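**Q** Numbering-wise (the working numbering), the sequence shown opens with residue 659 and increments by one.
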Amino acid sequence: MAMTSAPGKLTCPQFSGLRRTCPSASTASTARPFLLRRAGGYSAGRSSRTVVAMAGSGKFFVGGNWKCNGTKDSISKLVADLNSAALENDVDIVVAPPFIYIDQVKSSLVDRIDISAQNSWIGKGGAFTGEIRNRAPAYQTPLDGLRQRQIKDQLKTWLVHGAEQLIDIGCKWVILGHSERRHIIGEDDQFIGKKAAYALSQNLKVIACIGEKLDEREAGKTFDVCFQQLKGFADYVTSWENIVIAYEPVWAIGTGKVASPEQAQEVHAAIRDWLKKSVSTEVASETRIIYGGSVSGSNSADLAKKEDIDGFLVGGASLKGPEFATIVNSVTEKKVAA
Ligand code: PGA
């Protein structure tokens with residue numbers, strides 16, 4: 659586990675809900691060295707525009723999840739703000755508008771920013787008018803009557819989109835496994851894993867979300883929950899090349915209660931370790947692991963400094979163009995001048 663250290667001082671993350679203990683100073687000194695990245699390769703040396711504090715080798719990634727927000731007018735303004743923002747080059751930037759505005763955004767947003775959908779269907783499109791089999795019977799766990807009614811009501815207002823249709827309208831990415839879909843809609847690991855596999859098979863890249871609820875963290879189950887959700891993806895996908903993992907603790911989403919950089923780093927390091935052990939060293943190094951949950955223009959810089967944080971998935975703050983630009987530009991925290 660990566661630790662924060664200052665000369666002569668070892669700081670230990672203080673987490674109530676996690677099982678990891680603080681390593682001793684001797685083990686901390688053998689922690690994985692930072693990789694230094696620059697255009698054209700990796701080096702143990704320093705140069706101008708060198709990127710530091712990255713355990714992974716992927717490009718910084720920032721996604722804006724607009725969720726169920728916006729109108730034609732407010733989205734025009736947001737797009738205009740994004741189009742005029744000064745954005746750092748070394749970042750993959752993606753925004754996820756509500757389905758009904760994707761076309762508007764695609765036709766007005768600069769090409770520099772890619773578009774993501776917020777969901778996609780488990781398989782090929784077809785006779786699923788406006789939905790909506792709210793669940794694929796073979797994949798979902800039983801729900802009680804009230805829960806089923808709640809879900810049915812929500813689904814009446816939501817559309818199901820086949821991945822092919824998303825590609826057709828210019829989407830490159832899709833967000834899958836978001837906690838709002840796991841815990842409000844009732845999607846389970848298998849259902850999400852199958853959706854991811856299908857999206858990837860159609861050349862849609864996947865932002866794969868995982869994260870624990872507050873009670874799970876408090877019960878010391880954070881890693882178990884995250885690993886279980888990761889396995890849900892791993893069981894179905896055959897390649898991780900087009901997947902970005904978003905660690906989003908549910909207790910931090912939309913609450914203004916951001917995970918501390920140390921809390922996020924600890925879980926990100928564990929996720930990378932899981933990838934290494936369960937998939938491969940290459941996948942562990944190359945897969946971006948981004949953090950989501952109350953990321954803002956004022957906390958992104960400190961989070962970005964952590965070596966296993968490769969970017970962000972941003973909800974509320976992505977609705978404000980200048981603030982989203984600040985978050986994108988926190989990539990500069992990973993750079994040092996010569
Ligand atoms: P938030 O949402 O930034 O508003 O907490 C993040 C997300 O749900 O992706």
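Note that CB positions come from ideal geometry on N, CA and C, so glycine has one too. Note that the structure is a prediction, hence the values are computed from the model and not measured.
Starting from TRP724, follow the beta strand (DSSP E) in both directions and report where the run begins and ends.
**A** That residue, TRP724, is in no beta strand (DSSP E); it is neither H nor E in DSSP.
**Q** Using the three-state DSSP reduction, which class does LEU767 fall into: helix, strand or coil?
**A** LEU767: coil per DSSP, three-state reduction.
**Q** Entirely within the segment 898 to 934 and at least 3 residues each: give me those beta strand (DSSP E) ranges in chain order.
**A** List check, beta strand (DSSP E) in window: 901 to 905.
**Q** Tell me which residues share the same chain as ARG839 and place their Cβ nearer than 7 angstroms to its Cβ, disregarding the 5 neighbours each side in the sequence.
**A** Within the same chain, ARG839 has close Cβ partners ASN777, GLU845.
**Q** Measuring CB to CB, does ALA904 end up less than 8 angstroms from LEU971?
**A** Taking 8 angstroms as the Cβ cut-off, ALA904 and LEU971 qualify as a contacting pair.
**Q** Please indicate yes or no: does the CB of ILE929 lie closer than 7 angstroms to some heavy atom of the ligand PGA?
**A** No - the ligand PGA has no heavy atom lying nearer than 7 angstroms to the Cβ of ILE929.
**Q** Hey, would you say the C-beta of SER999 is under 7 angstroms away from at least one heavy atom of the ligand PGA?
**A** Look at the range of the chain in this structure, 659 to 996, and you will see that residue 999 is not part of it.
**Q** Verify whether the separation of the beta carbon atoms of VAL753 and VAL763 is less than 8 angstroms.
**A** Contact: yes.
**Q** Taking Cβ positions, are ALA744 and GLY979 nearer each other than 8 angstroms?
**A** No, the Cβ-Cβ distance between ALA744 and GLY979 is not below 8 angstroms.
**Q** Contact check, SER837 vs ILE911 under 8 angstroms by CB: the rounded distance?
**A** Between ILE911 and SER837 the Cβ distance is about 6 angstroms, and since that is below 8 angstroms, they are a contact.
**Q** Using a Cβ-based criterion (distance less than 7 angstroms to any ligand heavy atom), does LEU872 qualify as near the ligand PGA?
**A** LEU872: no, Cβ never under 7 angstroms from the ligand PGA.
**Q** Would you say the beta carbon of ASN987 is closer than 7 angstroms to some non-hydrogen atom of the ligand PGA?
**A** Incorrect: ASN987 has no Cβ contact closer than 7 angstroms to the ligand PGA.
**Q** Going by the CB atoms, is the gap between VAL908 and VAL864 shorter than 8 angstroms?
**A** Contact: no.
**Q** Where does ASP893 land, buried or exposed, given buried means 16+ other C-beta within 10 angstroms?
**A** Under this definition ASP893 is an exposed residue.
**Q** Report the rounded CA-to-CA distance for ASP882 versus SER766, giving the unit in angstroms.
**A** Rounded to whole angstroms, ASP882 to SER766 spans 42 angstroms at the Cα level.
**Q** Opposite ILE773 in the DSSP bridges: which residues?
**A** VAL753, per the DSSP bridge assignment.
**Q** Within the same chain, show all residues whose beta-carbon is closer than 7 angstroms to that of ASP761, passing over the 5 residues directly before and after it, in chain order.
**A** Excluding sequence neighbours, ASP761 sits near ILE827.
**Q** Out of GLU874, PHE719, GLU899, VAL953, point me to the one whose CA is closest to ASN747's CA.
**A** Checking every option, the nearest Cα to that of ASN747 belongs to PHE719.
**Q** Can you check which of these residues, PRO755, ILE850, ILE751, is closest to ASP769 by C-alpha distance?
**A** Here the closest residue by C-alpha is ILE751.
**Q** Rounding to the nearest angstrom, what Cα-Cα distance links ALA852 and ARG930 in this structure?
**A** Per the sequence shown, the amino acid found at residue 852 is Lys instead of Ala. Rounded to the nearest angstrom, the two C-alpha atoms are 22 angstroms apart.
**Q** For VAL948 versus ASP966, is the C-beta distance shorter than 8 angstroms?
**A** For clarity, residue 948 is Ile in the given sequence; the question names Val instead. No. Outside cutoff.
**Q** Output the boundary residues of the beta strand (DSSP E) element that contains ILE867.
**A** Note on identity: in this sequence residue 867 is Cys, with Ile being the wrong assignment. Its beta strand (DSSP E) spans residues 863 to 868.
**Q** With a threshold of 16 other CB atoms inside 10 Å of the CB of ASP899, please say whether the residue is buried or exposed.
**A** A quick correction: the sequence has Glu, not Asp, at residue 899. Result: exposed.
**Q** When the distance is taken between beta carbons, is ALA854 closer than 8 angstroms to ALA866?
**A** In this structure, ALA854 lies closer than 8 angstroms to ALA866 by Cβ.
**Q** If you check the beta carbons only, do LYS992 and ALA962 fall under 8 angstroms apart?
**A** Yes, they are a contact pair.
**Q** Quick one: is the Cβ of LEU862 within less than 7 angstroms of any heavy atom of the ligand PGA?
**A** Checking every heavy atom of the ligand PGA against the Cβ of LEU862, none is found closer than 7 angstroms.
**Q** In angstroms with no decimal places, state the Cα-to-Cα distance between SER897 and PRO919.
**A** Each residue's Cα considered, the two are about 29 angstroms apart.
**Q** Based on DSSP bridge pairs, tell me the residues matched to LEU971.
**A** For LEU971, which the question treats as bridged, DSSP gives the partners GLY721, GLY950.
**Q** Closer than 7 angstroms by C-beta to ASN741: which residues in its own chain qualify, once you throw out the five before and the five after it? Chain order, please.
**A** LEU767, VAL768, listed in sequence order.
**Q** What do you get for GLU940, buried or exposed, if any count of 16 or more other CB atoms within 10 angstroms of its CB means buried?
**A** Label assigned to GLU940: exposed.
**Q** For LYS934, which residues in the same chain have their Cβ closer than 7 angstroms to its Cβ, ignoring the five residues on either side in sequence?
**A** Taken in chain order, the residues that qualify are ALA942.
**Q** Looking only at its own chain, which residues have a Cβ that is under 8 angstroms from the Cβ of GLY890, when we skip the five neighbours before and after it?
**A** So the list reads GLY835, ASP846, ASP847, GLN848, ILE850, GLY851, once near-sequence residues are dropped.
**Q** Based on Cα-Cα distance, which residue from SER774, GLU822, PHE757, GLU874 lies nearest to ILE780?
**A** Here the closest residue by C-alpha is GLU822.
**Q** On the CB-based measure, 16 or more other CB atoms within 10 Å of its CB, does CYS884 come out buried or exposed?
**A** Classification for CYS884: buried.
**Q** Leaving out five residues before and five after THR913 in sequence, what residues of the same chain have Cβ atoms less than 7 angstroms from its Cβ?
**A** Here the set comprises SER952.
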